[in-house]
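Working notes, beginning with the structure itself.
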Amino acid sequence: MNDATQHQPSGVGTESIRYVHTLGPHGTNLETAAHEWLRRREIDGKVELHASLEAALDVVPDDGTHALAACAVYPALHTLTFGNLHRLHMVDSFIMPTHNMVLASSGTAAPRTVSTHPAPVGLVPAGAEHRIVLSNAQAAIDCAAGTTEGCITTGVAARAHGLRVVRDFGPVPMVFTIHQVLRLEAVVGQHATTGALI
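The following block contains the structure:
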């Protein structure tokens with residue numbers, strides 16, 4: 031047992047998790063990471079997709095059998111974590127490469143408007159206007175629908191929606207995190223007494 035495990039409140043841990051909630055729609059890096067975490071842990075569990083992690087947390091039961099899968103670059107993960115210390119507990123993390131990240135389009139080689147999740151917005155070409163969406167998969171959907179000329183998405187989502195890959199950035203090594211959803215009113219007080227560690 032490591033030091034972090036010793037200081038977890040009773041009931042917090044990976045043993046009871048059977049459902050992993052994460053960012054959809056189908057084809058996101060987080061969906062793949064959630065399935066990979068269940069595989070590595072040899073858990074016969076289920077992955078459920080949501081429009082955002084915030085939306086997921088609004089509906090996920092806090093009985094300890096459910097968790098959120100997030101990643102280190104998810105926007106406002108710090109706000110989600112520290113705003114929910116009484117029911118959201120980081121219990122695991124692992125490194126896994128993302129799908130290949132790509133700039134894709136519905137046809138043009140130089141898209142002037144690009145849909146993107148906030149995390150990979152730095153991959154949008156200079157001079158192109160970006161439109162923020164909730165996931166890489168949603169960026170591909172919007173591009174295919176003609177909302178924008180291009181998108182920053184995964185190779186998986188680009189292929190699924192018949193998009194042309196303009197530039198392939200390759201896979202990105204990423205830290206993914208697992209947050210158990212378990213309501214423990216005493217946790218806030220316990221965290222307050224542990225002192226500043228950051």
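Residue numbering for the sequence shown follows this note's numbering, beginning at 31 and increasing consecutively. Glycine residues also receive a C-beta, built at the ideal position from the N, C-alpha and C atoms. Owing to the predicted nature of the structure, the values given are computational and were not obtained by experimental measurement.
Residues that residue i bridges to, as DSSP identifies them
i           : result
residue 123 : 207
residue 309 : Nothing can be reported for residue 309, as the shown portion of the chain is limited to 31 through 228.
residue 80  : 53
residue 41  : Answer is none; residue 41 lacks a bridge partner.
residue 182 : 133
residue 60  : Per DSSP, none; premise fails for residue 60.
residue 118 : 211
Which of helix, strand or coil DSSP assigns to residue i
i           : result
residue 96  : strand
residue 172 : helix
residue 68  : helix
residue 218 : With a pLDDT of 46 at residue 218, under the threshold of 50, the modelled position of this residue cannot be trusted, and the question is left open.
residue 224 : Residue confidence for residue 224 is low, a pLDDT of 41 falling below 50, so the modelled location carries little weight and cannot support an answer.
Boundaries of the beta strand (DSSP E) in which residue i is found, first to last residue
i           : result
residue 134 : 131-135
residue 84  : That residue, residue 84, is in no beta strand (DSSP E); its alpha helix (DSSP H) goes 83-89.
Proximity below 8 Å, CB of residue i to CB of residue j
i           : j           : result
residue 68  : residue 165 : no
residue 170 : residue 153 : no
residue 98  : residue 79  : no
residue 143 : residue 176 : no
residue 187 : residue 167 : yes
residue 145 : residue 163 : yes
residue 210 : residue 50  : no
residue 201 : residue 149 : no
residue 207 : residue 100 : yes
residue 173 : residue 139 : no
residue 114 : residue 199 : no
residue 96  : residue 77  : no
residue 103 : residue 185 : no
residue 204 : residue 127 : yes
Bounding residues of the alpha helix (DSSP H) (the contiguous stretch that carries residue i)
i           : result
residue 185 : 185-190
residue 109 : 107-112
Ordered list of beta strand (DSSP E) runs contained in the stretch 139-164, each at least 3 residues: 143-146 and 159-162
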